[in-house]
Structures are given as C-alpha cells and as structure tokens.
Amino acid sequence: METIPWKRFHGFRSHQQYQARTHKGVAVEAVTIKDVAALAGVSVGTASRVLSGNPATSADTRERVAAAAAELDYQPNAQAQALRSTRSNSLGLLVPDVRNPFFADLAHAAEQAALSAGYVTLLGNANERNDQQDRYLDTLISRRVDGVIVAPVGDDGGRLRALIEREIPTVLVDRTVPGLDLPSVTTDSETGIRQAVQHLAEQGHTRIGYISGPEATSTGRDRFASFTRAVAEAGLSQDPELVYFGDYQAASGSAGVHTLMDLTNPPTALLAADSLMAVGAISILHRLGLRIGTDIALVAFDDIEWFALLNPALSVIAHSVEDMGRIAVDLLLQVIAGHTPESVVLPSELIVRASSATPIRPTTQPEQRSQQ
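So in my numbering the end of the sequence shown lands on 596, straight run, no missing numbers.
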C-alpha cells in the first residue's frame, strides 16, 4: 500500500497531537472525519461512504481510509448517527435566485418529484449571495432535513462542506463547486452554444456580442468557454470588447446591451447567457429603438415558456428544467438510500425563432444608429 507523505496534508493533525492535547485525561479536541479524509488523501464524502460501509469505492480507497481511521483512532459520532437514523421526510432545496424563471421552474419540478416520493420541500433563496446561502444551509442543518439539493451561488464551498462533514446527503444542481465530491445534474452548454453561434454565422453575423454569467460560477465559466470555442471554430471575430460579464440579473443584461451597442463597431447579434439577462437585454433594445430580429439578432440560454410568446419569439438554447429537477431528487434519494449515483449531464439544443431567423442586412444597423 502506498505511503502518503505527511506534509502533503496542510494543517493535518496527528493522533499523537490529539493525545497530547488532553486535560485530566479528557481529550480537548476529537478526531473528525475530515482528519481521516486528509490522511487517506480522499474527499470527506468518500471517507464518509467508506466508513459507513458503502461498497461503491475501490479496494485501495477502502484500505487507505481504514488505515487512516485506525491510525487516528477515529470514533464515529454516535449522537450524529442516531440523529441521521431518524427521518424527517423533508428535503432542502436552495436556489440562487427565485426571481429567475429558470430556478422557479426548477424548484417546482423538484418539489413535485419530492412530493411524489413522500417528501416535503423546504425552499431557500440565496439571492446570488454566499452569506445568504450559508445562512440557509445552517437553517437546513438545524431542521435535520434528510437531504439537500443546492444550486450554489459560486465557487466558495463555504457551508456546503459542513453538509459533507455531517454526512448529510447532498446533490448539486445546474452548478458545481470545484473540489466538492458530490453527485450533480448539469447541462451540456457546449452543444447548444455551438449551434447558436453556427446559426448566427450562417445568417451573416461576424460580430456576436456575448453577455456572460459571472466567472465565479461554473455555468458562467463553462458557457463562456463554450462561446469562445464556438466563435473560433466559426472563424468569427474574437474581439474581447464583444464580451460583457454580467451577474445573472436583468440589470446586468441591460448594462451589457448599453456597453456593447456603444462600441465603435457594435455587434449585429447578441447571445445572453441566461434568461434574466436576456430579459434585461430585450428591455434596453426596445428602449434604443432597435428591432429584435430585424436590426439585431438575439438568442438566450434557457427556454422560458413565455419566450415563445414574445413578438418576435425569442430563439433559445433549450434544456429540460423539468428533467433537471426530477433527476436531482432521484439522485438525492439514491444518496439517502446509501448509494453513490453517477452525475448526470443533460443535453442542450438551439431552438430557432423569429428573433434570429432573418439574415443580416449590413446597412440596417448604421442607419438605425444614425437615427438615435
């Protein structure tokens, strides 16, 4: 069995250190599962699964965790185990912004799936803020929910790690967090964004403005990377001025349109990386007197039901939010049952509607701007 260097684990505390930190024979600080995971060189979630008897790990991993637990004389928290054995028949669902139509639909789909399985859902709104997310996670922990589904607001795992350390079944949805070994349900943004860029290129657009989500989120990074690759593959302009980084709020969609359309050589098409930013973009385009689908093309990521009812109807990169919510609940129930489910990546596809269906007319944009 491989010997793992002690210095590999920053801040690791040995069993001897614990033994030394006693007062009148009573240990001041107990060994935690986090310490076992650090010594074994695995995630806390993996260590938890091994120590709970879950067979869905490799033999080598099980040996390393067992050796680490023995070395540290790790004793599971009996009180915590007893609490976990008592079911509340409730699940926690934490989303970044309930005002975002996508997350409202996701919450509805998950709530219905949970109800069908005999669980009630406690909903929290993080409002795209880490501190608010952490506050809700603490509340869900105190409510002793049987499991939690989280669409994290950023890359800071924060209190999400507390869920893992307390062995509370957890599933990530739509977004992920680097370094957290948790099952997830996400979307393949690459395919839909490539289709959108190819479609716009075929319509004659060479300068496509991109209103991106925040780089602190996995979806913001993934979609931006997909857009960058798609533009390069299509041989279109890769001018960095054509990218505006927003925050998944309508106001940033509006600000993005202002910034992009004020360029000396503005884009003739726009791609908004989520539904709320698309709403903000639509508002400002109307205010500027630019006719969507005629003066400028617009495509949005996420297919909100009423996007098809707009005039003109909005082209979208669609993926099934109903499937995402349902599968997230299914994965969580598997984790609650002691299994280790594989993460799921859902497909995306472009749906072309009137907002981008008309080929570009090169003289339209300059004439339109001269009238402003």
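In this text, a Cβ means the ideal position worked out from N, Cα and C, and glycines have one as well.
**Asked** Which value, in whole angstroms, describes the spacing of the CA atoms of leucine 570 and alanine 334?
**Response** Start at 1 with the first residue of the sequence shown, and residue 570 comes out as number 346. Start at 1 with the first residue of the sequence shown, and residue 334 comes out as number 110. Each residue's Cα considered, the two are about 16 Å apart.
**Residue interval of the beta strand (DSSP E) (run including phenylalanine 451)** = Start at 1 with the first residue of the sequence shown, and residue 451 comes out as number 227. That residue, phenylalanine 451, is in no beta strand (DSSP E); its alpha helix (DSSP H) goes 442-458.
**Collapsed DSSP secondary structure at serine 360 in the structure displayed** = Position 136 of the sequence shown, counted from the first residue, corresponds to residue 360. Note that residue 360 is tyrosine in the sequence shown here, rather than serine. Residue state, collapsed to three classes: helix.
**Asked** From this set, Leu494, Gly382 and Val397, which residue's C-alpha is nearest leucine 424's C-alpha?
**Response** Within the sequence shown, numbered from 1, the residue matching residue 424 stands at position 200. Looking at the Cα atoms, Leu494 is the closest of the given residues.
**Prompt:** Helix, strand or coil: which one does DSSP assign to proline 583?
**Reply:** Position 359 of the sequence shown, counted from the first residue, corresponds to residue 583. Proline 583 falls in the coil class under three-state DSSP.
**Asked** Which residue comes first and which comes last in the alpha helix (DSSP H) that contains phenylalanine 327?
**Response** For the purposes of this step, residue 327 is taken as residue 103 along the sequence shown, with counting starting at 1. Note, phenylalanine 327: alpha helix (DSSP H), 325-340.
**Prompt:** Hey, does valine 576 have any beta-carbon neighbour from chain B nearer than 7 Å?
**Reply:** Structure shown: chain B not included; a single protein chain is present.
**Request:** Would you tell me roughly how many angstroms separate the C-alpha atoms of valine 576 and proline 536, rounded to the nearest one?
**Result:** Here residue 576 corresponds to residue number 352 of the sequence shown, with the count starting at 1. Here residue 536 corresponds to residue number 312 of the sequence shown, with the count starting at 1. Rounded to whole angstroms, valine 576 to proline 536 spans 11 Å at the Cα level.
**Asked** aspartate 355 to isoleucine 508, Cα distance in whole Å?
**Response** In the sequence shown, counting from the first residue as 1, residue 355 sits at position 131. In the sequence shown, counting from the first residue as 1, residue 508 sits at position 284. Between aspartate 355 and isoleucine 508, the C-alpha separation is close to 31 Å.
**Prompt:** Within 10 angstroms of its Cβ, does arginine 273 collect 16 or more other Cβ (buried), or is it exposed?
**Reply:** Residue numbering aside, residue 273 sits at position 49 when the sequence shown is read from its first letter. Burial call: buried.
**Message:** Let me confirm a value: alanine 479 is counted as buried when at least 16 other C-beta atoms fall within 10 Å, else exposed. Which label applies?
**Reply:** In the sequence shown, counting from the first residue as 1, residue 479 sits at position 255. That one is buried.
**Request:** With DSSP as the reference, label alanine 254 as helix, strand or coil.
**Result:** One-based indexing of the sequence shown puts residue 254 at position 30. DSSP places alanine 254 in coil when its eight states are reduced to three.
**Message:** Let's test the definition: count the other Cβ atoms within 10 Å of the Cβ of glycine 562 and tell me whether it reaches 16, buried, or not, exposed.
**Reply:** For the purposes of this step, residue 562 is identified with residue 338 of the sequence shown, where counting begins at 1. So glycine 562 ends up on the exposed side.
**Asked** Is it true that the stretch 482-498 meets the stretch 511-524, where meeting means three or more beta-carbon pairs spaced less than 8 Å apart?
**Response** yes
**Message:** Here's the rule: buried if 16 or more other CB atoms are within 10 angstroms of the residue's CB, otherwise exposed. What is asparagine 489?
**Reply:** Here residue 489 is taken as the residue at index 265 of the sequence shown, counted from 1. The residue in question, asparagine 489, is exposed, as its Cβ has fewer than 16 Cβ neighbours within 10 Å.
**Prompt:** Hey, would you say alanine 375 sits closer than 7 Å to aspartate 398, going by beta carbons?
**Reply:** Taking the first residue of the sequence shown as 1, we reach residue 375 at position 151. Taking the first residue of the sequence shown as 1, we reach residue 398 at position 174. Closer than 7 Å, so yes.
**Request:** Classify alanine 578 as helix, strand or coil using the three-state DSSP reduction.
**Result:** On the sequence shown, position 354 is the one that residue 578 refers to. Here alanine 578 sits in coil by DSSP.
**Message:** valine 545 and leucine 330 - do their beta-carbons sit closer together than 7 Å?
**Reply:** In the sequence shown, residue 330 corresponds to position 106, counting from 1. In the sequence shown, residue 545 corresponds to position 321, counting from 1. Taking 7 Å as the Cβ cut-off, leucine 330 and valine 545 qualify as a contacting pair.
**Request:** Counting only runs of 3+ residues fully inside the stretch 359-433, write out the beta strand (DSSP E) ranges in chain order.
**Result:** 371-374, 394-397 and 408-411
**Message:** Check whether the stretch 550-569 and the stretch 346-353 touch, using three or more Cβ-Cβ pairs below 8 Å as the test.
**Reply:** no
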